[in-house]
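Residue numbers (the numbering used here), protein chains in the order written: chain A, 121 to 271; chain B, 67 to 465.
Comments concern the structure below.
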């Protein structure tokens with residue numbers, strides 16, 4: 121890979137790119153405190169709240185598996201599929217604090233056969249795809265290190 | 067005041083994969099429904115079209131597309147899009163026009179021509195504010211990925227097995243064997259299903275419905291119009307309810323094409339999940355409940371999703387669908403046959419036509435005309451479906 125390749129998020133403002141402890145960025149309503157992911161700047165989703173602004177807020181890095189699957193066929197564009205295609209897992213993870221289930225790819229080194237509903241997961245970063253100038257990063261889920269563990 | 071609307075006629079073009087102009091299929095279904103009703107096209111006062119978003123401008127104005135194709139008569143039209151619930155929304159438009167007294171008799175029609183392979187976002191270019199574009203770009207989350215999440219959850223939480231899912235396919239393939247409108251008319255075994263290629267684990271190719279071409283149409287009218295036409299409304303199938311509810315905040319079950327659920331941290335989840343609320347809305351409107359049903363047509367986008375529907379429409383409690391399937395209750399001859407038409411399993415999905423096709427099947431079932439797949443003595447049936455962006459529908463048909 122060329123040395124001029126720079127690492128950039130595949131989507132702006134959804135997650136921090138701190139390699140050691142990345143976290144998702146959500147939005148919070150300053151009026152009713154409800155939370156939203158993916159983040160946005162306008163309009164609280166709570167029908168009983170009339171706030172038209174939302175503020176960015178960090179979300180939990182950890183959660184539990186709601187469900188999971190593994191893609192065995194290359195998805196169509198705009199997905200940039202590896203050639204040859206390699207199956208990869210996708211998990212829906214319920215964040216500990218926020219009561220939000222977030223869908224994400226699972227780290228490349230983890231297969232669906234290693235996952236179970238209820239398993240603890242944590243957020244990591246991985247490469248979604250690369251082109252001549254950029255390596256595009258995306259958040260991924262991976263089995264969590266034990267709480268209080270060395271990691 | 068009765069809010070019944072009479073179903074005078076039902077018609078379909080067989081489902082398949084030919085890639086022809088969608089209006090060709092639609093015309094066959096329209097002519098069949100009109101003939102079944104004994105109503106001339108020139109007497110139709112309203113056309114409610116179900117839109118297709120993959121067939122250019124004519125697809126977005128389906129009401130006028132079919133009015134022009136059948137020959138302009140000055141008829142009033144509407145064009146409706148609601149993802150998989152499109153056909154039921156079109157039916158609801160026609161029903162509302164009839165019950166409001168704006169018209170007496172209407173044609174409801176949907177037709178589609180679908181591309182091969184996975185459904186992909188419609189339209190080109192980078193659309194980073196469109197969740198339907200982003201879910202493909204960032205996740206490769208095809209529709210079967212979402213179906214697989216629900217299927218896997220049934221396995222891990224309720225102990226469902228791949229064989230349970232396969233048994234849904236086996237049942238539906240038998241049901242659809244003699245349905246002249248079904249695309250796939252071949253009896254499948256459990257071995258066929260569990261040996262087919264994995265698409266999105268745990269779902270295999272034969273667990274997942276195909277995308278199809280097809281068309282369906284209904285002629286519906288006021289009870290007064292029906293009585294004048296037929297001399298009596300005895301034995302006429304009627305639309306008893308149409309539910310087109312949307313989710314309530316917070317929506318806590320992950321749905322296509324979303325990345326995430328709403329948060330339940332501040333606002334407590336509603337009493338019913340969205341999928342439960344779809345049929346509930348129809349039951350409330352009709353003043354009926356699951357015990358009143360003789361037959362159901364549910365949206366089996368996957369085999370496992372059919373099991374979810376058993377619970378969502380109240381045929382059994384949560385986590386009990388596998389036991390209900392194994393008991394034979396949902397097979398023709400059982401207590402409450404589900405998908406006697408063969409379901410999406412035998413049809414594949416032709417989006418704007420599918421919810422109308424479900425109502426066509428109930429129409430034939432409650433009038434004893436479902437040849438080769440008749441549920442004996444069927445008098446009341448329900449349909450249920452759900453699609454992208456908070457769309458779902460449930461229609462109750464009764465004699």
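Just so it is clear, CB atoms sit at the ideal spot from N, CA and C, and this is done for glycine as well.
Which residues in the same chain as residue i place their Cβ atom closer than 6 Å to its Cβ, once the five residues preceding and following it in sequence are excluded?
i, result
"residue 131 of chain A", "none"
"residue 307 of chain B", "348, 351, 352, 462"
"residue 261 of chain A", "211, 213, 224, 226, 241"
"residue 458 of chain B", "151, 344, 452"
With a cut-off of 8 Å, does the C-beta of residue i fall near any C-beta of chain B?
i, result
"residue 145 of chain A", "no"
"residue 166 of chain A", "yes"
"residue 248 of chain A", "yes"
"residue 262 of chain A", "no"
"residue 242 of chain A", "no"
"residue 174 of chain A", "no"
"residue 157 of chain A", "yes"
"residue 271 of chain A", "Because residue 271 of chain A sits at a pLDDT of 42, beneath the cut-off of 50, its placement in the model cannot be relied upon, and the following sentence gives the value as read from the coordinates. No, because no Cβ of chain B sits closer than 8 Å to the Cβ of residue 271 of chain A."
"residue 131 of chain A", "yes"
"residue 221 of chain A", "yes"
"residue 198 of chain A", "yes"
"residue 195 of chain A", "yes"
"residue 258 of chain A", "yes"
"residue 184 of chain A", "no"
"residue 62 of chain A", "One cannot answer for residue 62 of chain A here, as it falls past the ends of chain A, which runs 121 to 271."
"residue 126 of chain A", "no"
"residue 187 of chain A", "yes"
Select from the options the residue whose C-alpha is nearest the C-alpha of residue i.
i, options, result
"residue 407 of chain B", "B:203, B:185, B:250, B:259", "B:250"
"residue 93 of chain B", "B:398, B:175, B:454", "B:175"
"residue 132 of chain B", "B:162, B:119, B:173, B:109", "B:173"
"residue 207 of chain A", "A:217, A:191, A:218", "A:191"
"residue 109 of chain B", "B:169, B:436, B:72", "B:169"
"residue 172 of chain A", "A:143, A:227, A:153, A:133", "A:153"
"residue 221 of chain A", "B:271, B:372, B:215, B:412", "B:215"
"residue 134 of chain A", "A:140, A:151, A:161", "A:161"
"residue 371 of chain B", "B:331, B:98, B:210", "B:210"
"residue 456 of chain B", "B:398, B:223, B:341, B:377", "B:341"
"residue 229 of chain A", "A:209, A:197, A:178, A:251", "A:209"
"residue 179 of chain A", "A:200, A:239, A:170, A:156", "A:156"
"residue 176 of chain A", "A:148, A:232, A:182", "A:148"
"residue 418 of chain B", "B:166, B:114, B:296, B:198", "B:114"
"residue 250 of chain A", "A:181, A:168, A:258", "A:258"
"residue 122 of chain B", "B:105, B:182, B:189, B:95", "B:189"
"residue 333 of chain B", "A:266, A:167, A:126", "A:167"
"residue 274 of chain B", "B:449, B:434, B:412", "B:412"
"residue 125 of chain B", "B:180, B:192, B:394, B:196", "B:180"
Any beta carbon from chain A within less than 8 Å of residue i's own beta carbon?
i, result
"residue 128 of chain B", "no"
"residue 187 of chain B", "yes"
"residue 286 of chain B", "no"
"residue 46 of chain B", "Residue 46 of chain B falls outside the range modelled here, since chain B spans only 67 to 465, and no answer is possible."
"residue 294 of chain B", "no"
"residue 215 of chain B", "yes"
"residue 218 of chain B", "yes"
"residue 199 of chain B", "yes"
"residue 279 of chain B", "no"
"residue 223 of chain B", "yes"
Note down, in chain order, every chain C residue with its Cβ under 7 Å from the Cβ of residue i.
i, result
"residue 191 of chain A", "Of the protein chains in this structure, namely A and B, none is chain C."
Please go through the same chain and pick out, in chain order, the residues whose beta-carbon is closer than 7 Å to the beta-carbon of residue i, but skip the five residues on each side of it.
i, result
"residue 337 of chain B", "none"
"residue 329 of chain B", "316"
"residue 201 of chain B", "207, 323, 325"
"residue 212 of chain B", "322"
"residue 218 of chain B", "268"
"residue 465 of chain B", "301, 303, 432, 445"
"residue 398 of chain B", "241, 406, 439, 441"
Less than 8 Å between C-beta atoms, sequence neighbours within five positions excluded: which residues of the same chain meet that for residue i?
i, result
"residue 292 of chain B", "72, 74, 299, 302"
"residue 102 of chain B", "74, 75, 76, 77, 285"
"residue 374 of chain B", "216, 220, 341, 387"
"residue 70 of chain B", "289, 304, 305, 306"
"residue 223 of chain B", "385"
"residue 244 of chain A", "142, 227, 259, 260, 261, 262"
(request) Return the residues of the stretch 310 to 343 of chain B that lie within a Cβ-Cβ distance of less than 7 Å from chain A, sorted by chain order. (result) 315, 320, 325, 326, 327, 328, 329, 330, 331, 332, 333
(request) Output, in sequence order along the chain, the residues in the stretch 225 to 237 of chain A whose CB is closer than 8 Å to any CB in chain B. (result) 225, 232, 236, 237
(message) Runs of 4 residues minimum, wholly inside the stretch 141 to 183 of chain B: which ones carry the alpha helix (DSSP H) assignment?
(response) 152 to 165
(message) Along the stretch 171 to 185 of chain B, where does the CB come closer than 8 Å to a CB of chain A? Name the residues.
(response) 183, 184
(message) Please identify, using Cβ separations under 9 Å, the residues of the stretch 103 to 116 of chain B that lie next to chain A, in order along the chain.
(response) none
(request) Mind checking the stretch 246 to 264 of chain B against chain A and listing, in chain order, the residues whose C-beta falls within less than 8 Å of any C-beta there? (result) 263, 264
(message) At a CB distance below 9 Å, what residues from the stretch 204 to 216 of chain A approach chain B? Give them in sequence order.
(response) 207, 208, 209, 210, 211, 212, 214, 215
(request) Return the chain-ordered ranges of every alpha helix (DSSP H) run that is complete within the stretch 362 to 434 of chain B and spans a minimum of 4 residues. (result) 369 to 378, 387 to 392, 409 to 413, 417 to 432
(message) Residues of the stretch 68 to 83 of chain B in Cβ contact with chain A at a cutoff of 7 Å, in chain order, please.
(response) none
(request) Quick one: which unbroken alpha helix (DSSP H) runs of 4-plus residues sit fully inside the stretch 202 to 251 of chain B? Chain order, please. (result) 209 to 219, 228 to 241
(request) Kindly provide the ranges of any beta strand (DSSP E) runs that are 3 or more residues long and lie completely inside the stretch 154 to 213 of chain A, ordered along the chain. (result) 175 to 178, 182 to 191
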